[in-house]
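Everything below concerns the one structure shown next.
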Amino acid sequence: MADKMQAKWYVVHTYSGYENKVANDLATMVESRGMQDLIHDIKIPTETVTEIKDDVKREVERKIFPGYVLIKMIVTDDSWYVVRNIRGCTGFVGPASKPVPLTDAEVAALGVENIADEQDATKHSVEVGYKQGDTVTIISGPLKDFSGVVKTVDTENNMVCVLLSAFGKETPVELELDQIALAD
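The opening residue of the sequence shown carries number 150 in our numbering; numbering runs sequentially from there.
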């Protein structure tokens with residue numbers, strides 16, 4: 150009947166905070182109705198963010214697209230009805246709630262096609278409590294208690310460049326993101 154090659158990724162809008170419930174309820178409905186040949190995969194893209202606030206480093210998981218769930222499915226009257234009538238789902242993204250599949254480029258940009266399970270769907274980023282131009286204090290390492298000004302923040306490589314004033318001369322110093330904190 151349905152060929153797996155026809156399945157496309159679609160975006161479903163949900164009530165804010167209902168993404169996990171919609172995904173779980175839909176997975177349960179697919180299982181109980183035996184619709185695995187129509188609805189192949191359900192994803193909620195997330196990212197792991199490392200927040201550094203008040204010298205405390207925390208890992209927080211955030212939804213990349215709050216209020217949206219991605220579904221790989223073949224659209225038929227039955228599959229459309231099942232998805233559309235999940236509690237918390239407000240409809241498909243598209244004109245007049247008519248399902249419009251994501252393009253191959255959009256799927257590639259989201260990185261959902263190569264993901265084996267939900268854990269692999271998480272991206273990782275770091276969020277710090279300071280920015281370029283802020284005055285900071287070094288809280289660990291050989292330069293502990295020195296103060297300086299943030300020149301650059303490179304969250305991708307977990308590095309920050311701080312300009313330290315020593316002997317009347319500004320010296321750039323590369324540190325890890327969690328080695329500094331905003332000056333009091």
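Note that CB positions come from ideal geometry on N, CA and C, so glycine has one too. Just so it is clear, the structure is predicted and the values come from calculations on it, not from any experiment.
In chain order, which continuous runs of the beta strand (DSSP E) of length 3 or greater are located wholly inside the region 152-187? 157-163
With DSSP run on the structure shown, which of helix, strand or coil describes aspartate 283? coil
Tell me which residues share the same chain as valine 277 and place their Cβ nearer than 6 Å to its Cβ, disregarding the 5 neighbours each side in the sequence. Ile201 and Leu326
Report the residue from Pro215, Asp294 and Glu319 whose alpha carbon sits nearest the alpha carbon of tyrosine 164. Pro215
Do leucine 251 and threonine 284 have their beta-carbon atoms positioned less than 9 Å apart in this structure? no
Please report the distance separating the alpha-carbon of valine 160 from that of isoleucine 235. 14 Å
Beta-carbon proximity of glutamine 281 to threonine 301, cut-off 9 Å: yes
Any heavy atom of the ligand GDP closer than 8 Å to the beta-carbon of alanine 245? Summarising the ligand content, the structure contains no ligands, and the ligand GDP is consequently not present.
Distance check for asparagine 169 and alanine 151, CA to CA, integer angstroms please. In this prediction, alanine 151 has a pLDDT of 48, which is less than 50 and means its spatial position is unreliable; what the coordinates show is noted afterwards. Their Cα atoms are separated by approximately 27 Å.
Same chain, Cβ closer than 7 Å to isoleucine 191, neighbours up to 5 away in sequence not counted: Ala172, Leu175, Ala176, Val218 and Ile220
Let's see if you can read the secondary structure: which residues bound the beta strand (DSSP E) around valine 299? 296-303
Taking Cβ to Cβ, would you say valine 249 is nearer than 9 Å to valine 242? yes
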